[in-house]
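Reviewing the structure listed below.
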Amino acid sequence: MAIYDDQDIFPDINDYDLADLVKGGNAGDANRPIQELANRTRWLYNRQGIIVPKILLGSYTYQEDDVNALFCFHIAANSTFTIADVTTLPVGSVIRINARISAIKALTVKCIGSQVIYAGADDLSELYMHDGESIKLVAASSSAGTTGDTWEIMD
C-alpha cells in the first residue's frame with residue numbers, strides 16, 4: 002500500500018458505472034475517489050478560518066501574517082486600515098473588521114492602488130466605519146480564477 006500526499010485543491014468527484022473497469026495502485030482509478038476526498042479535506046482544513054483577534058489602537062496596514070485575524074480597532078482618532086492586496090490571496094479569503102470608536106471619528110478602510118470593494122452597484126476604493134460597526138470582506142474573482150481580483154462585502 003502506498004502513501005498519498007494530499008494536495009490543496011477542490012476537485013470534482015468521479016463516480017463509477019457498474020461497467021467501468023478499475024485498477025488499483027497509486028495512479029489507479031480505484032483510488033481516485035479517495036484521493037479526491039483527501040484533497041477536498043486538505044482544501045477545507047486550510048480554510049477553516051481559525052480566528053485570531055488583533056486589537057489595534059490606530060492606523061494599520063495588512064501584513065502577510067494577518068491571515069485569519071479579526072481586526073478590532075479601538076480608536077479615539079480618525080484612523081486608516083489599508084487592506085491586503087487582493088491578488089495575493091486565494092478566492093474566499095476573509096478580512097473581518099470591528100470598529101470601537103470612543104469619539105465622533107471614523108475608521109477608513111482603504112484598498113491598495115486601484116483595487117476596489119464591490120458594494121452592490123458601486124465599486125469603492127475606500128469605505129468608512131463608525132462605532133459598533135462590523136464588516137467582512139471576501140476576496141473574489143470576476144473570472145472564476147483561484148486568486149482574487151476584487152473585494153466583496155459579505156453579509
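In case it helps, the numbering used here puts the sequence shown at residues 2 to 156. Even glycine gets a Cβ: it sits at the ideal position worked out from N, Cα and C.
Counting only runs that start and end inside the region 60-88, there is no alpha helix (DSSP H) element of at least 4 residues.
Its chain contains F82 as the residues whose beta carbon lies nearer than 7 Å to that of Y61, once the 5 sequence neighbours on both sides are disregarded; these appear in chain order.
Straight through space, the alpha carbons of Q8 and I102 are spaced by roughly 43 Å. S135 has N99 as its beta-bridge partners, per DSSP.
Counting along the chain, the unbroken alpha helix (DSSP H) around P34 starts and ends at R33 to N47. Judged by DSSP secondary structure, T109 falls within the beta strand (DSSP E) whose first and last residues are L108 to K111. Separation of the CB atoms of I154 and L138 is rounded to 6 Å, and the pair is thereby assigned contact status at 8 Å.
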